[in-house]
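Per this note's numbering, residue 1 is the first one in the sequence shown, and the count goes up by one each step.
All remarks here apply to the structure that follows.
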Amino acid sequence: MLDLDIKTDVLIVGAGPAGLSLAINLGKKHIPCILVDQKPRSKIGYKPCGDALSPNSTRRLFELCGILQPKGEEISEDLASAHFRPVLGFELEIPFVSQTIDRLEYGQRLLKSLVDFPLIEIKHSHKVVDTIVKKNKVVGCKVRLEDGKKINIYAKIVADCSGVPGIVRRNIPETISSKFPKKLPNTEIIISYREIIETPKLHDYQYQMRIEYHEELPPPGYFWIFSKGETTLNIGVGWLINEKNKHYNAKNVLQQLRNKFFPDAKVVDGAGDLLTGRLPLYSLVADGFIACGDAGALVNPISGEGHGPALLSGFYASEIIEKTVRNQKYDEETLWEYNKKIWNLYGYDAGLGIAVHKLLNAVPFSDFSYLFERGIISQEDVDAIMISYAVKLPIAKKIYQGIRKPRLLIKVAKGILLAEKIKKISNNYPSNPDGFDKWVKKIKKIEKKKL
Ligand SMILES: Cc1cc2nc3c(=O)[nH]c(=O)nc-3n(C[C@H](O)[C@H](O)[C@H](O)COP(=O)(O)OP(=O)(O)OC[C@H]3O[C@@H](n4cnc5c(N)ncnc54)[C@H](O)[C@@H]3O)c2cc1C
């Protein structure tokens, strides 16, 4: 070790929701850790985002570990209804409540709460540039400081909470784990741009969140409008990158839509960023390594919801890390339980999202109106999906009503089947690394299926 090098039990890379939740929970368990983030302290929490955070996730987090739900200034608006407009002139209401939050305020509160835990050290303006590996184990990270100096931070476990870049994961050699990709391919990435806008008078979307499709968007793109106050909105666009849409510029597309729908609005903030658009990583652990939040690809590929999963995965990671620290075993096998938990929790939602993306890629928009106008997909069906978490639905029966477009309906039926299969496989995640190869073969086979 060099003079400047540091040693700890757990190194957490990234102080977004995943890293902050993990740090708080390790603090509660009296496990020493260092939390590093490349941002200056005052910017921790800020992130270009739709700002929607479901109270179901934060309530669950509170029940699990006592982290208080967003409150006061942290909440921009309580959203009472969610609307989905897949085609012009047709709208579904989704039984879903949410909140838009001020990410900086909420993130700063979580950060400040770490003062209660003397064993947690925060190092802001510290950029991780590489992963340190010894004897086929992850043992730390190389970190660049503000003045350009580099130090090594060694740990028994390194938690990658760095978001989409997955800075720790991407520097892990295949010899340690070939169970997850180092870098995600473009086709598993959602490109997105959002603006916070002020309207000159009360806008028409009070207490609402909306997701809409418009011709300006390349398929399978979406446009969101989330209310943040009487005259404030968060608007944005996003799409899973594919061969046909990779040259579209998200900022320009959003500008076109803003000019069309909110020509008099003032832009207060505008920024783009990436989301993952895939199933969770097949494995999120290796010897000395665990991934949480976006670094583990836990974003719901269709709703773009990743904040809640990031907070909750931080809690679940703390549970397994506690076990490894108490038993002094930091290997893949001991950490494996976390994989099973994550897949049981998020496999189905992600599967449904993947099915919808495949459908949007395979079917022209004009055909979608047909599905809704003929009542093949109705408000009741959406309620059934959201409430019962089941996709079998009356849709399967109704598909036969649409015999005039048999190919379209077969594709819908295939999409439903695909999500069902992913759900089944997610629930059968292997209990230890031995069953992994066989399980991956199954899930890859389903994922490759074209609609
Ligand atoms: C445009 C957009 C809109 C979105 N809308 C929503 C929404 O409405 N609702 C929702 O639930 N989710 C939404 N998401 C997703 C949500 O923002 C993420 O899922 C969530 O922030 C993931 O949290 P995280 O902690 O895993 O990662 P992040 O929030 O990305 O945090 C990662 C942290 O790691 C730090 N970091 C990165 N690299 C390094 C490095 N090399 N060294 C040190 N530190 C590093 C970063 O500075 C950052 O603080 C949206 C995302 C985008 C891009």
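The C-beta atom is built at its ideal place from N, Cα and C for all residues, glycine as well.
Please read these numbers as outputs of a predicted model, since none were measured by experiment.
Between residue i and the rest of its own chain, which residues show a CB-CB distance below 6 Å, the 5 nearest in sequence each way excluded?
| i | result |
| --- | --- |
| SER426 | TRP343, GLY347, TYR348 |
| ASN300 | ASP349, GLY353 |
| SER125 | PRO40, GLU146 |
| LEU279 | ALA350 |
| ALA155 | THR8, VAL10, LEU11, GLY140 |
| GLU73 | GLU105 |
| PRO219 | LEU360 |
| LYS310 | Residue identity check: residue 310 is Ala in the sequence provided, not Lys. Cβ within range, chain order: PRO17, ALA18, GLY293. |
| TRP224 | GLY50, ILE211, GLY236 |
| PRO430 | PHE436, TRP439 |
| ILE167 | VAL128 |
Give me the Cα-Cα distance between residue i and residue j, rounded to the nearest whole angstrom.
| i | j | result |
| --- | --- | --- |
| LYS266 | THR276 | 30 Å |
| ASP287 | LYS445 | 27 Å |
| LYS323 | ILE157 | 12 Å |
| ASP5 | ILE176 | 24 Å |
| ILE410 | GLY375 | 16 Å |
| LYS251 | ASP102 | 22 Å |
| PRO70 | LEU61 | 11 Å |
| ASP130 | VAL164 | 16 Å |
| ILE151 | LYS142 | 6 Å |
| SER57 | ASP434 | 32 Å |
| ASN428 | SER162 | 28 Å |
| LEU64 | MET209 | 27 Å |
| SER178 | ASN242 | 25 Å |
| SER388 | LEU345 | Residue confidence for SER388 is low, a pLDDT of 46 falling below 50, so the modelled location carries little weight; the figure read from the coordinates is stated next. The alpha-carbon atoms of SER388 and LEU345 are separated by roughly 15 Å. |
| VAL133 | LYS441 | 28 Å |
| ILE153 | TYR222 | 41 Å |
| GLU121 | GLU93 | 45 Å |
| ILE75 | ARG144 | 35 Å |
| ILE34 | ASP367 | 53 Å |
| ARG407 | ALA413 | 10 Å |
| LEU455 | ASN339 | Nothing can be reported for residue 455: it is not among the residues displayed for the chain, which extend from 1 to 451. |
Under 8 Å: does the beta carbon of residue i sit that close to some heavy atom of ligand 1?
| i | result |
| --- | --- |
| GLU174 | no |
| PHE453 | No answer is possible for residue 453: the residues shown for the chain start at 1 and end at 451. |
| VAL129 | yes |
| GLN69 | no |
| ILE167 | yes |
| ARG194 | yes |
| GLY270 | no |
| CYS65 | no |
| ALA295 | yes |
| PRO280 | no |
| SER42 | no |
| GLY16 | yes |
| GLU212 | no |
| ASP37 | yes |
| ALA52 | yes |
| SER162 | yes |
| GLU105 | no |
| PRO309 | yes |
| GLY347 | no |
| LEU298 | yes |
| CYS33 | no |
Just confirm the distance between the C-beta atoms of residue i and residue j, as a whole number of angstroms; I'd bet it's less than 8 Å.
| i | j | result |
| --- | --- | --- |
| GLY27 | PHE117 | 3 Å |
| ARG194 | PRO48 | 5 Å |
| LYS341 | TYR316 | 5 Å |
| SER21 | GLY308 | SER21 to GLY308, Cβ: 10 Å. No contact. |
| ASP160 | VAL363 | Their Cβ separation, rounded to whole angstroms, is 36 Å, which puts ASP160 and VAL363 out of contact at 8 Å. |
| PRO86 | PHE372 | 6 Å |
| GLY306 | SER192 | So it is not a contact: roughly 11 Å between Cβ atoms. |
| LEU274 | ILE196 | No, LEU274 and ILE196 are not in contact; Cβ-Cβ is about 19 Å, not under 8 Å. |
| LYS123 | VAL253 | About 38 Å separates the two Cβ atoms, so there is no contact after all. |
| PRO32 | LEU119 | 4 Å |
Please return the same chain residues whose Cβ sits closer than 7 Å to the Cβ of residue i, not counting the five positions on each side in sequence.
| i | result |
| --- | --- |
| PRO200 | ASP264 |
| GLU198 | THR231, THR232, ALA265, LYS266, VAL268 |
| ILE24 | ILE67, LEU110, SER113, LEU114 |
| LYS29 | SER318, GLU322 |
| SER313 | ALA18, CYS292, GLY293, GLY296, LEU298, ILE342 |
| LEU335 | VAL285, ILE290, ILE320, THR324 |
| GLN256 | GLU216 |
| ARG169 | ASP160, PHE180, LYS182, ALA291, ALA295 |
| LYS421 | ILE446 |
Ordered along the chain, which non-local residues of its own chain (more than five positions away) have a Cβ less than 8 Å from that of residue i?
| i | result |
| --- | --- |
| LEU418 | GLY351, ILE354, ALA355, LYS358, ILE446, LYS449, LEU451 |
| TYR207 | GLU77, ASP78, LEU79, ALA80, SER81, SER227 |
| TYR46 | LYS39, ARG103, LEU104, GLY107 |
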